[in-house]
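Chains R and V, in that order, give the protein sequences. Under UniProt numbering, the residue at position 68 of the first sequence is numbered 68, and the numbers go up by one with no gaps. Under UniProt numbering, the residue at position 198 of the second sequence is numbered 198, and the numbers go up by one with no gaps. Every residue, glycine too, gets a C-beta built ideally from N, C-alpha and C. This report refers to the structure that appears directly beneath it.
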Amino acid sequence: MSNIPAELKYVSSHEWLRLEADGSVTVGITEHAQELLGDIVFVELPAVGADLAADEQAGVVESVKAASDVYAPIAGEVLAVNAELEANPELANSEPYAAGWFFKIKPANAADLDKLLDAAAYAAEIGA
Amino acid sequence: MTAPKRTPLFDAHVASGAKMVDFAGWEMPIHYGSQLKEHEIVRSDAGMFDVSHMTVVDISGSDAKVWLQKLIANDVAKLGFEGKALYSGMLNDDGGVVDDLIVYLTATGYRMVINAGTTDKDLAWMDKQSAGFDVQLQVRRDLAMLAVQGPKAIEKVCSVKPALAESIQALKVFQGLPSGDWFYARTGYTGEDGLEIMIPADQAIPFFNELKAAGVAPIGLGARDTLRLEAGMNLYGHDMDETVSPLQAGMGWTIAWNPEERDFIGRKALEAQKAAGVPMKQVGLVLEGRGVLREGQKVVVDGAEGIITSGTFSPTLKHSIAIARVPASTGATAQVDLRGTLTEVRVVKMPFVRNGKKVFE
Chain R
1 MSNIPAELKY
11 VSSHEWLRLE
21 ADGSVTVGIT
31 EHAQELLGDI
41 VFVELPAVGA
51 DLAADEQAGV
61 VESVKAASDV
71 YAPIAGEVLA
81 VNAELEANPE
91 LANSEPYAAG
101 WFFKIKPANA
111 ADLDKLLDAA
121 AYAAEIGA
Chain V
1 MTAPKRTPLF
11 DAHVASGAKM
21 VDFAGWEMPI
31 HYGSQLKEHE
41 IVRSDAGMFD
51 VSHMTVVDIS
61 GSDAKVWLQK
71 LIANDVAKLG
81 FEGKALYSGM
91 LNDDGGVVDD
101 LIVYLTATGY
111 RMVINAGTTD
121 KDLAWMDKQS
131 AGFDVQLQVR
141 RDLAMLAVQG
151 PKAIEKVCSV
161 KPALAESIQA
171 LKVFQGLPSG
181 DWFYARTGYT
191 GEDGLEIMIP
201 ADQAIPFFNE
211 LKAAGVAPIG
221 LGARDTLRLE
231 AGMNLYGHDM
241 DETVSPLQAG
251 MGWTIAWNPE
261 ERDFIGRKAL
271 EAQKAAGVPM
281 KQVGLVLEGR
291 GVLREGQKVV
301 VDGAEGIITS
311 GTFSPTLKHS
321 IAIARVPAST
331 GATAQVDLRG
341 TLTEVRVVKM
351 PFVRNGKKVF
361 E
C-alpha cells in the first residue's frame, strides 16, 4: 500500500506539495509515482528563479523503465532545487516525501493550494 | 483474451516478493524489489532467472541434420561434439528473422530453444518446413528452465549439486549436456559466465529454493533486459523481427555462407541484399551525459535517419546505452532525438560490458 501522508496536498499527475512555515511550497513526486517508475536514474530540475505557470513542465524524471515529466502543480517562482537529488536520484525512490524532494516554489497565489487534492482524494484517484 | 500462463516457478516468485507482469502471455517476475540491485548482483555474484516461458524443442529423425541445415542460417554441421551449441536466426524467404534461437547437438538429435512470444508461429513454420523430411519435433512443456548467471554462478550451482560439480565444471562455453532428466548448458543472456538449466517441472521449486539458500538471488525480467543490452545481445521483436535482415541486425556472424551449396531458407534474399549493398547496420550508442536513450527514438546521421531498437540506462556504466539500426555510412558519432532535442551520442562497437567490465573504446 502506498504511503500518502495526510498533511500534504496532491495532484493527479502524482506530485505532492507541502506548505512550509515560511510560506514556500515544497514539491516532490509521490511514493505511488516512484513505484510506477521503478529505479530512478536521472532527474532534471527547473532553474532557480524561473517563473512557472500551473501545470507547466518543471522537470523530468527518468527511471530505468521510462521518462516522465514533472509539472508545477501551482504557479510560482522557483526558490530552490534539490541538488542532493540530482546527485543521488535514487532518493526519489527511497525517501520520496523527505530527502527526495524536487524543488521549492514561492506560490503566486497561496490560495491555489486549497484547490488541490487532499490525501483522501489522491488515494481515491490512484485506487489505493 | 486468455489468462496469462504461469511457469512451474510461479509460487516461488510470489514467495520471493516478485512484482509479476504479463510478458508474452506469461505471468513473469519483473523485479523482486530493485532492478538495479538485481543487475549488480549478476555482474558481481550470482543471480537466477526463470526462463521457463521459453520453449524447448527436441528434434529427432534421420533427416534432422539436413532439415536444420535448411531451416536455420547458421550451420549445424559446425557442431563437432555432443552438447555443442550454436546461435542462429531462423529466416523467412525474404531473409527476415522469424526467430533467433540456440540449438544443441544431443545424443539423439538436436535440442532447440526458441523465444516465448514467437513459439506458436515458430512451431507452425517448422511444421510447414518439415514436409518431406523424416524429422520429429517434441515440444518439452514438461521442463522448467532456470538461468543461473554471474561470476559465482557455476560455483554456487556446484555447491548445491556436488555430485555433478565435476561434469558442470568440465562444460565448455556454449555446451550443454544432460544428467538424467536434467540438462546443464553453459549459455546465457547476460555477458557473464553461468548456466541455463532445464529441470523437470516438479523439481523446479525445490531447486530454486536450494539455490536461494546458497546465495543465488532471484532476478527479474527488468534486469535481464539491462544485462543483455549491456552485453550487446539482441532481443527478438525489438532489435530484429521478420521485417529486418540479420545483416542489418548485427547477426552477420551467425550466417554460415559456406558451403555455398547449402540452400538455407532466406539465403537467396540475403545474397541479393549483399550484392545490392546493405543500407543499414547495427551499432551501439553511448550517451555519457544526462538522459536515457529509449527504443523508438530517431537517430540522425548526415540527414539520414536510423532508429534505436533497444535503449536503457546502463547500471554498470552509470550512463545510457542503446542498440540502434543506422545508415551504413554512420561514423563515430550520431544525433538522437531525445524528447525533442537532438543530442550527440557516440557510436561504438558492441558489446558494452563483458564479465563485469566496460569493453568498448
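If you draw a straight line from the alpha carbon of residue i to that of residue j, how long is it in whole angstroms?
i               : j               : result
D55 of chain R  : A83 of chain R  : 22 angstroms
T187 of chain V : V48 of chain R  : 51 angstroms
A18 of chain V  : T343 of chain V : 36 angstroms
Y278 of chain V : T30 of chain R  : The sequence shown places Val at residue 278 of chain V, rather than the Tyr named in the question. So the alpha carbons of these two residues sit roughly 49 angstroms apart.
Q69 of chain V  : T119 of chain V : 20 angstroms
I40 of chain R  : V64 of chain R  : 6 angstroms
G331 of chain V : I323 of chain V : 15 angstroms
A128 of chain R : A64 of chain V  : 56 angstroms
Q121 of chain V : V299 of chain V : For the sequence presented, residue 121 of chain V should be read as Lys rather than Gln. Cα-Cα distance, rounded: 31 angstroms.
R294 of chain V : T341 of chain V : 14 angstroms
L91 of chain R  : L143 of chain V : 42 angstroms
S314 of chain V : I308 of chain V : 15 angstroms
V78 of chain R  : H319 of chain V : 28 angstroms
H39 of chain V  : V113 of chain V : 24 angstroms
A46 of chain V  : V148 of chain V : 7 angstroms
H13 of chain V  : L195 of chain V : 20 angstroms
L85 of chain R  : L45 of chain R  : 9 angstroms
L17 of chain R  : P73 of chain R  : 8 angstroms
G191 of chain V : K358 of chain V : 11 angstroms
A217 of chain V : G237 of chain V : 28 angstroms
Span of the beta strand (DSSP E) holding residue i?
i                      : result
E62 of chain R         : Q57 to S63
F42 of chain R         : I40 to E44
F49 of chain V         : G47 to D50
Y122 of chain R        : Note, Y122 of chain R: premise wrong, no beta strand (DSSP E); alpha helix (DSSP H) at A119 to E125.
K104 of chain R        : F103 to P107
residue 363 of chain V : Residue 363 of chain V is absent from the structure shown; chain V starts at 1 and stops at 361.
L139 of chain V        : According to the sequence provided, residue 139 of chain V is Val. The question's Leu does not apply to it. Taken as a continuous stretch (DSSP letters only), the beta strand (DSSP E) holding V139 of chain V covers Q136 to V139.
T341 of chain V        : T341 to V348
T226 of chain V        : Here T226 of chain V belongs to no beta strand (DSSP E); instead the alpha helix (DSSP H) covers L221 to E230.
Q335 of chain V        : T333 to L338
P178 of chain V        : G176 to S179
D58 of chain V         : T55 to S60
H32 of chain R         : Segment E31 to L37 is the alpha helix (DSSP H) holding H32 of chain R; no beta strand (DSSP E) there.
Q282 of chain V        : M280 to L287
F23 of chain V         : K19 to F23
Out of the options, which one is the CA nearest neighbour of residue i?
i               : options                           : result
G215 of chain V : V:C158, V:L221, V:L227 and V:A185 : V:C158
K172 of chain V : V:G83, V:H53 and V:V345           : V:G83
A3 of chain V   : V:F313, V:G25 and V:R339          : V:G25
A153 of chain V : V:H31, V:A144 and V:Q169          : V:Q169
W125 of chain V : V:P351, V:I72 and V:R346          : V:I72
F10 of chain V  : V:T108, V:D127 and V:A201         : V:A201
P29 of chain V  : V:A46, V:R6, V:I41 and V:N234     : V:R6
T53 of chain R  : R:V70, R:P46 and R:A75            : For the sequence presented, residue 53 of chain R should be read as Ala rather than Thr. It is R:A75.
R325 of chain V : V:D99, V:V301 and V:L338          : V:V301
V336 of chain V : V:A328, V:I321 and V:S329         : V:I321
G311 of chain V : V:M280, V:E242, V:R354 and V:N234 : V:N234
L229 of chain V : V:V353, V:D263, V:P178 and V:E196 : V:V353
Y10 of chain R  : R:V60, R:V61 and R:V27            : R:V27
A108 of chain R : R:A6, R:L116, R:S12 and R:V25     : R:V25
S179 of chain V : V:P151, V:R267, V:F208 and V:P162 : V:P162
E305 of chain V : V:M350, V:R290 and V:A334         : V:A334
L19 of chain R  : R:A99, R:N3 and R:D114            : R:D114
T106 of chain V : V:A85, V:G296 and V:L123          : V:A85
So is the beta-carbon of residue i under 6 angstroms away from any non-hydrogen atom of the ligand SAM?
i              : result
Q34 of chain R : Although the ligand SAM was asked about, the structure shown includes no ligands whatsoever.
Determine the extent of the alpha helix (DSSP H) in which residue i is found, giving its start and end residues.
i               : result
W253 of chain V : No alpha helix (DSSP H) holds W253 of chain V; DSSP gives it neither H nor E.
W125 of chain V : T119 to Q129
S159 of chain V : A153 to V160
R43 of chain V  : Q35 to S44
L101 of chain V : Segment V97 to T106 is the beta strand (DSSP E) holding L101 of chain V; no alpha helix (DSSP H) there.
L71 of chain V  : A64 to L71
For chain C, find out if any of its Cβ atoms is closer than 7 angstroms to the Cβ of residue i; answer yes or no.
i              : result
V41 of chain R : Included in the structure are the protein chains R and V, with no chain C among them.
Handout entry: Contacting positions in the segment 305–326 of chain V - beta carbon closer than 8 angstroms to chain R
Key = T312, F313 and P315
Handout entry: Touching by the beta-carbon criterion (3+ pairs, under 8 angstroms), the segment 7–18 of chain V and the segment 31–41 of chain R
Key = no
Problem - Contact list for the segment 30–53 of chain V against chain R, Cβ threshold 9 angstroms - result: I30, H31, S34, Q35, L36, K37 and H39
Handout entry: Under 8 angstroms (Cβ pairs) to chain R, residues found in the segment 281–292 of chain V
Key = R290, G291 and V292
Practice task
Could you name the residues of the segment 202–234 of chain V whose beta carbon sits closer than 8 angstroms to any beta carbon of chain R, in the order they occur along the chain?
Solution key: For the segment 202–234 of chain V, the set of residues with a beta-carbon nearer than 8 angstroms to any beta-carbon of chain R comprises G222 and T226, in chain order.
Practice task
Would you check if the segment 45–57 of chain V and the segment 247–260 of chain V touch, i.e. whether three or more CB-CB distances between them fall below 8 angstroms?
Solution key: no
Practice task
Assess, as a yes-or-no matter, whether the segment 131–150 of chain V is touched by the segment 257–265 of chain V under the definition of 3 or more beta carbon pairs within less than 8 angstroms.
Solution key: As far as the Cβ criterion goes, the segment 257–265 of chain V does not touch the segment 131–150 of chain V, which means the pair count is below three.
Problem - Interface residues of the segment 44–67 of chain R facing chain V [CB-CB below 9 angstroms] - result: E44, V60, E62, S63, V64, K65, A66 and A67
Problem - Contact the segment 264–271 of chain V vs the segment 280–287 of chain V: 3+ CB pairs below 8 angstroms - result: no
Exercise for the section: Could you tell me whether the segment 237–247 of chain V touches the segment 188–208 of chain V, using the rule of 3 or more Cβ pairs below 8 angstroms? Expected result: no
Exercise for the section: Flag this pair as touching only if the segment 87–106 of chain V and the segment 32–43 of chain V have three or more C-beta atom pairs under 8 angstroms; answer yes or no. Expected result: no
Exercise for the section: Scan the segment 68–101 of chain R for residues whose Cβ lies nearer than 7 angstroms to a Cβ of chain V and list them as they occur along the chain. Expected result: none
Exercise for the section: Please confirm if the segment 106–124 of chain R is in contact with the segment 6–20 of chain R, defined as three or more CB-CB distances below 8 angstroms between the two stretches. Expected result: yes
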